[in-house]
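Q: I'd like to ask some things about the structure below.
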Amino acid sequence: MNRIVRITSLGLFFTSLSCSPSSTPGDSPSDSAQRVIEVEARPDRGRSEEHNLEFEARWNELYNTPHDNGDTLVIGTIGDADSLNDLTSAAITGSNVIGLLFLSLTRTNPDFSHAPSLAESWQFSEDHLELTFHLRDDVFWHDGVKTTAHDVKFTFEKQISPNIGWATIKWKQFIKECVVVDDYTVKFIFERLYPYQLMDAVVGAVLPKHILEKVPDEEMVSTDFNRNPVGNGPYRFKVWKAQQYIEVEANENYFAGRPPLDRIIFKVVPDQENLALQLKSGEIDFMDGVPPRFFEELARQENLVAYIAPGRSYSYLGWNLLNPLFQSKKVRQALTMAINRQEIIDSLLFEFGEIPKGPVLPIIWAHHPNLPDFPYDPEKARQYLAEEGWKDSDGDGWLDKDGQRFSFTVKTNKGNQIREDILILVQDMFKDVGIAVRPNILEWTVFIGDMNKKDFEAAVAGWSVGLKMDMTTIWHSDSINDKFNFVSYSNPEFDRLNDAAIFEMDSEKAKQMWWRAQEMIAEDQPYTFLYSPKDINFVHRRFQNVQMETVGWNYNLEQWWVPKDKQKY
Amino acid sequence: MHTYIIRRILISIPLLFGLLTINFFLIHAAPGDPTDIFYNPDMDPEARENIRRIYGLDQPLGVQYLKYIQGVVLKFEFGYSIAKKRPVKDEILEALPNTIQLSALALLLELSLGIGIGILAAVKQQSTFDNAIRVTSLTFYSMPSFYLGLVLLFLFAGGVSATHWFPASGMVDIVRHESMSTLGRLGDRAIHIFLPSLTLGIGAAAGISRYMRGELLEVIRQDYMRTARAKGLTERVVVFKHGLRNALMPIITIMGLSLPFLFSGAVIVEQVFGWPGMGRVAVDAAFQRDYSMFLAVNLIFGAMVVVGNLVADILYAMVDPRVRLS
Amino acid sequence: MTDVMDQTSPQIEVRNLKTYFYTEDGVVRAVDGLSYRLAKGETLALVGESGCGKSVSALSVMRLIASPGKIVEGEIRLDGLDLLQCSETEMREVRGNRISMIFQEPMTSLNPVFTIGNQIMEAILVHQDVSRKEARDRTIAMIRRVKISAAETRVDEYPHQMSGGMRQRVMIAMALACNPEVLIADEPTTALDVTIQAQIMELLAELQSEFQMSILLITHNLGLVAEVSDQVAVMYASKVVEHTSTAELFASPLHPYTHGLLTSVPTLGMSKEQKLNVIPGQVPNPLHFPTGCRFHPRCPVAEQRCKQEEPLLREVKPGHWAACHFIENGKSPIKGADR
Amino acid sequence: MILGLFGLLVGLAGWHAGTLWDTLAHTLEKLFGANVPYTLRDLDFLVSTLFLLGMLAALVLYSGLSCQRIRQADRTAQGPERQWSIVKRQFLKNRLAVAGALIILALYLVAFLCPFLAPYDPVEQGDRVQERLLSPSAEHLLGTDRFARDVFSRIIYGSRISLLVGFLAMGLAVTLGTAVGAVAGYYGGWVDSVIMRFVDMMLSFPTLILIITVIALWRNQSIWIIITLIGLMSWMGVARLVRGQFMALKEREFFQAARALGAGTGRLIFQHLLPNSLTPIIVSATLRVGNTILLEASLSYLGLGVQPPTPSWGNIVYDTKGNLFTEWWMPLAAGMAIVITVVGYNLLGDGLRDALDPRLRE
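Residue numbers (numbering that gives the first Met the number 0), protein chains in the order written: chain A, 0 to 568; chain B, 0 to 325; chain C, 0 to 338; chain D, 0 to 361.
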């Protein structure tokens, strides 16, 4: 399934994901008394082109465990999908449904390596510039038409069409062309060599040519297919009632065999409290990204099982480096030390979170385990600030420097309660060291607009970490204008390292470079890295074979099942 | 009569047009940009430009305005929703009936409850019953709908397990509805719409009952009531035949005027109870800067208000022989 | 002249009627010991300044006094039946059936939202079991009776489509729909202009002879009284101060108040030198009437005695009742009262 | 004269930011020493509300005097003092109305005396680890929120926002409405029909949605912007009312007479029409306050209200609704505060109407 880096907006779209449970496969929580499953993180293996037999074996094992068919899974989600067409979908709910309806060339393993899906196998040419996929010949679109290489080629062409605006178009930037060798063989030709060729080739769901070829590119954004998709995945689209629910039903002639659950329904409930309420009362069976404040109450419910996964996103307090206030590294370090991040995690995340020292989280292979850190130490912070000339000379309790008070506005977006709360906490914490902070909570669109215009002093926002190790769009000096280097971080040495590391084929060398790069950022503290929230999932205990994995809570959704005697619907 | 209706409709056209124009420039003046919802680091600025171009957002505002108006006027075409990836018309055709359902029921509740209680209070005027009713209805009248909704939600929709009588959101039991008997489906819809419509209607009902009481007390003082009594009619006939009809007339107007408030209320209630209606569409559209969606929704709301008032006036003319529509 | 008081079987007889209003600033004695008799087919005029309790007394007879008003004492006999003893249901049988009433303001006394036909029919339908069809025919007949042209069409018109005079006719039609024994006309013409007044009174007189009903005419207009009524009862401050036949009253008013009343209206053939007499002071506040004779503060001949002793209504000469200490052998205390 | 008052009112709104405040604060500091119970924010509130109460008093007085005028015009023999004694008695007779008045009075006292009444500072955070989400107790009557702030104190301070919004927004709405309605009603003809079309148009906006859009035009939603918006969104009712009044009054003898005597437009409006329309205006104004408060609450609930940490009842509910499972009393209390206030204003309004409006007198 297609996961991409995205700014977590409105707090509704945390791309959630968990790691392999300590419990062995098949042994599902309802057998054991265990009702809260803490999962330990394991980083991906980075550049991974060869199959991972261990995981594939497990996948098949899961598939072949004896099970009953029937019952329905109701998934609670706060936002409606915008489109079920991978080319036009932007909302996370959409991509979750798409994951059930459509196949990609490969499936992602728990360790981010690639497993066969639509493509049975693949290999690179000698020069590593041509990547050939051998497709299954027993995959049918839900309308009965066979899925062939032509669909793959067609999909690629649509993905790179400027008149459609596919969200992840950039991933295809180094692919020169896509060639159909025969009905079940397709070849991607690359312009250059780099670690993520395979991933770039397979990203995105394969779409049915025979239906979409009639649609002009300009009309793709509003074509009927967006709402009545015809896929080739384990589930087939049944009905979508706007703002109510999206229902998919088991695909009887799925190549891997009929999935156990009759129906999976994504129920849209626009209100967090209401969602939690329905989880409690059993009106919905599953919810991911449960706000921590509800954990206590929900964990009390006999019929719910909690999966706690390490977060794939982090929130930060970004300092606008164009603003004279924040141009000194020492000041930024002092600001970080003035913030008690552990307390933020304890009080706002109810301890469901960790302090990230840098922009690369532990679950990524390039993660640097021991970066320089600036732990909470108001004394030291004051001292640093004093060294930079910020003292409380007029004794009014606020720091000042040549007659100017140390005060600034922190912006964030509305709707994400934790972020709104952080402003309140931070305001209080900075007060202790004599810095006056004004919170300013803006609508999402307004907030983003200001960030782009650099119209902010400091801002709280978040990133969710992508599958690819690439720091360009957020940290590179080229990305300062209308890209995502909001804080205008500019460091020639970093740029150089980054550019080199991206194309370094030797994972070990690459790792060294990435570590160096992370050290620089940690040192410069253009962000104060606030927290990386754990992802809380609750699922009704009647579901067996629930295998939440690194690639997402829905890693093996198509394999969940309910024993006949426990079936609810 | 007909000429009157036609004239009213004609008058309302410039009104709606003005509404449309104001909204158009308002929403465009608001900072932010619809393509912000596609915002993610993998999307190149070019890709965003593509989308802006596809939706014609790259053209000067004046041109966009003219195009939009042209579309609406000539083809009755409301453009495409950027956030929903579909023609605005489709989305609205899906949401509108739900809101109408909700509002209609709320209105029904509002009138039946309001008028009934109002009459009781007036007839038992100054009694403790009257005061009790007045205070209670006032309390509901003064209660923010979101608050009432929240309370009801937690009391009767799962917060308290003992009294978990109603579903917390949606229009139907999405899992079982299909497999239900016709009667079952009806019941299913009923229990789903109950809390939302109650939340939406009860406040207004309280308002109506206050008016009703006042009006009836006013009418009871009239000479013709004395005449009626002098005829030897029973008190019931006097109050209900001679009193009520007169007292109801102003209520009709109030009802007409209360429509926009009903819709504003729907915005909140639909949020709290996850009711898939226009209110939610409107709020989303406003926040996501989904221009054409926002415009269309407001236009519809405006039109409904206009029609509502028209209907109210016609009703009025029907019950009050002194009023001639011309 | 017939003797009013011991006339056989009075159509309606009121004895010592007291209707009080219990307001928060005290008891308003709107009617305070009122007595009169009204013979079959006759017209009794109840005269007095506004606020003297005329209308209240009328409403009392209909038992239409709403709180805080209350009939505290007295008898109202309709053919011997004491209305004050009647249950509400029995009373309803009487209202609009045996006694009916027309009110002062025809403009507001009709319900604006029903056709006049509907409103007249109502009266018929409650009191007599007839089909709607029949009731409607009668209604039309009734409307014709009160001299409204094109009754068939008028029957379906609404009050607002009619002039004041017309509406008063409708009121009359409504009142007479079940040809009652007694008609109470509360200032039936004050709201109308003079020419219409005449017509209405004429109509009433006509209908009276036709239906053989008694009329209690409440008015402050002595001109009217002189024209239509057989008997007159003069009210002052919630009481009757003089009661006799119209002719007698106009010939020799005995009570100083009556005298004042009569001389305060211009009469024909009144020479210019004679100037209009004006009663000094104003109507006493019903909250606290003067002690003794309630008229004494304004009375030209009042003496100490009047302040303490309340004069009773007594037969000062045959068929002539008045309440004043100073009337001896039918002579008014005021010089030149008899003309 | 209303316009004049409104001028002042707007002046005040702008003025509140002005330096004048600092000087005021400093003088206070000089008077009380460093530990002044009132902060700048407090003064802000104090002055504006005092001013507004003053304005209302002035209006009532004005209308009282004008009542006398119309009485005389109507030839009903009643001196003003009689008139007033009646009004007073009528009002006091109405127990509910008195209760309402008392509620409002109490609320204003609370709002004025926050610094003394509130046991804690509403934005001051306690020990966020030890003292957060405490249950109600002697020292925290309503417990503490997740920032370890005393909820009771926050609700007490929240009264200011609600009262301020209610009052100012209503003032703005009524002034605007009166002005527009007056023009329409006085001139009639095409002026009237044009204005009324506009009013109809405004009325067919679903207020909430429009505010959501317009509010985005401003970077940060200061309380003053919210007040202005709410005001601008709720004047239409008053306009209709005033217009109706004017239309009716124009038919009355005293007006015809005044016009016949050649009184100028200004005089006609301000001496004859306006004063005699004031009674209904005041009544509807009082009743309107409730609505504006509710609107502010709804906005806060959508997260569009005053910026945190400033407490307003609306945003306390919004902010604590997540605690409904466990610390349900927080949102409950804040909500009840809203309800009670609005009830108070409505009772007061009803009372005033019954007292001021002779028709309704039993």
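Each residue gets a CB set at the ideal place from its N, CA and C atoms; glycine is no exception.
Between the C-alpha atoms of L167/D and D287/A, what's the straight-line distance to the nearest angstrom?
A: Near 44 Å, if we compare the C-alpha coordinates of D287/A and L167/D.
Q: I need the boundaries of the alpha helix (DSSP H) containing F294/A, first residue and last residue.
A: 294 to 298 is the span of the alpha helix (DSSP H), which, as asked, contains F294/A.
Q: R36/C bridges to which residues according to DSSP?
A: BP columns for R36/C point to E12/C.
Q: Quick one: what does DSSP say S339/C is sitting in, helix, strand or coil?
A: This structure cannot settle anything about residue 339/C, because the visible part of chain C is limited to 0 through 338.
Q: Using a beta-carbon distance below 8 Å, is R88/D in contact with chain A?
A: R88/D does not count as touching chain A.
Q: Taking the alpha-carbon of S160/A as reference, which of E217/A, A333/A, L370/A, L192/A has the nearest alpha-carbon?
A: When only C-alpha atoms are compared, the closest one is E217/A.
Q: Between the alpha carbons of Y344/D and E295/D, how many angstroms are there, rounded?
A: So the two alpha carbons sit approximately 15 Å from each other.
Q: Output, in chain order, the set of chain C residues within a Cβ distance shorter than 8 Å of Q124/B.
A: Ordered by position in chain C, no residue passes the 8 Å Cβ test against Q124/B, which lies about 11 Å from the chain.
Q: Are R235/A and E246/A touching if we call contact CB-CB under 8 Å?
A: No, the Cβ-Cβ distance between R235/A and E246/A is not below 8 Å.
Q: If the cut is a Cβ gap below 8 Å, which residues of chain C does Y223/B touch?
A: Per Cβ cutoff of 8 Å: T107, S108, L109, N110, P111.
Q: Could you compute how far the alpha carbon of V178/A sits from the alpha carbon of D534/A?
A: Going by the C-alpha atoms only, they are around 41 Å apart.
Q: Are G518/A and L370/A closer than 8 Å when you measure CB to CB?
A: Checking the sequence shown, residue 518/A turns out to be Glu, not Gly. Result yes, Cβ atoms of E518/A and L370/A sit closer than 8 Å.
Q: Is there a Cβ of chain B sitting closer than 8 Å to that of L63/C, yes or no?
A: L63/C counts as touching chain B.
Q: By how many angstroms is the C-alpha of L95/B removed from the C-alpha of L18/B?
A: Roughly 19 Å separates the two Cα atoms.
Q: Going along the chain, which residues of the stretch 129 to 160 of chain C sit with their C-beta nearer than 7 Å to a C-beta in chain B?
A: If the cut-off is 7 Å between Cβ atoms, the stretch 129 to 160 of chain C has Y157, H159 near chain B.
Q: Can you give, in chain order, each stretch of the alpha helix (DSSP H) that sits fully within the stretch 288 to 368 of chain A and has at least 4 residues?
A: Counting only runs of 4 or more, we get 294 to 298, 328 to 337, 340 to 347.
Q: Tell me the rounded alpha-carbon separation between D131/A and W164/B.
A: According to the sequence as given, residue 131/A is Thr; it is not Asp. Going from the Cα of T131/A to the Cα of W164/B covers about 58 Å.
Q: May I have the straight-line CA-CA distance separating A72/D from R251/D, to the nearest angstrom?
A: Below a pLDDT of 50, predicted positions are generally treated as unreliable, and A72/D, at 47, falls in that range; no measurement from the model is reported.
Q: Check the C-beta distance from E186/C over to T218/C and give it rounded, since I have them as a contact under 8 Å.
A: E186/C to T218/C, Cβ: 6 Å. Contact.
Q: So what does DSSP say about R541/A, is it helix, strand or coil?
A: It is coil, neither helix nor strand.
Q: My assumption, with CB atoms under 8 Å, is that H159/C sits in contact with P249/B. Please give the rounded CB distance.
A: Actually they do not touch by this definition, with Cβ atoms about 17 Å apart.
Q: Taking the Cβ atom as the reference point for each residue, do D349/D and A110/D lie within a distance shorter than 8 Å?
A: Going by C-beta atoms, D349/D is not nearer than 8 Å to A110/D.
Q: For the stretch 152 to 168 of chain B, which residues have a beta carbon sitting closer than 7 Å to at least one beta carbon of chain C?
A: Cβ contacts with chain C come from no residue of the stretch 152 to 168 of chain B.
Q: Using only the alpha-carbon positions, how far apart do R168/C and I333/C sit?
A: Answer to the nearest angstrom: the Cα atoms are 42 Å apart.
Q: Taking only runs of the alpha helix (DSSP H) that begin and end inside the stretch 159 to 187 of chain A, which ones reach a length of at least 4 residues, in chain order?
A: You should have found no qualifying run.
Q: Out of M211/B, D35/B, A227/B, point me to the one whose CA is closest to S111/B's CA.
A: Comparing Cα positions, the closest option is M211/B.
Q: Taking any Cβ of chain D, which residues in the stretch 128 to 139 of chain B have a Cβ under 8 Å from it, in chain order?
A: For the stretch 128 to 139 of chain B, which is checked against every Cβ of chain D, the residues closer than 8 Å are N130, R133, V134, L137, T138.
Q: Could you work out which residues of chain B lie near S297/D, taking near to mean beta carbons separated by less than 7 Å?
A: Within 7 Å Cβ-Cβ: P143, F145, I267.
Q: In whole angstroms, what separates the C-alpha of L185/B from that of L194/B?
A: Each residue's Cα considered, the two are about 15 Å apart.
Q: According to DSSP, is R220/B part of a helix, a strand, or is it coil?
A: In this structure, R220/B counts as coil in the three-state DSSP scheme.
Q: I need the DSSP call for S280/A, collapsed to helix, strand or coil.
A: S280/A falls in the helix class under three-state DSSP.
Q: Run through DSSP, which three-state label would E442/A get?
A: In the structure shown, E442/A sits in coil (DSSP, three-state: anything other than H, G, I, E or B).
Q: Relative to chain C, which residues along the stretch 234 to 264 of chain B have a C-beta separation below 9 Å, given in chain order?
A: Taking 9 Å as the Cβ-Cβ cut-off against chain C, the residues of the stretch 234 to 264 of chain B that qualify are E234, V236, K240, H241, R244, N245, M248.
Q: Measuring only the C-alpha atoms, how far is M165/C from V112/C?
A: So the two alpha carbons sit approximately 17 Å from each other.
Q: Measure the beta-carbon distance from V185/A to A148/A and round it to whole angstroms, keeping in mind my assumption that it falls under 8 Å.
A: With 8 Å as the limit, V185/A and A148/A qualify as a contact, their Cβ atoms being about 4 Å apart.
Q: So, does the CB of F102/C fall closer than 8 Å to a CB anywhere in chain B?
A: Yes, F102/C lies at the interface with chain B (some Cβ there is under 8 Å from its Cβ).
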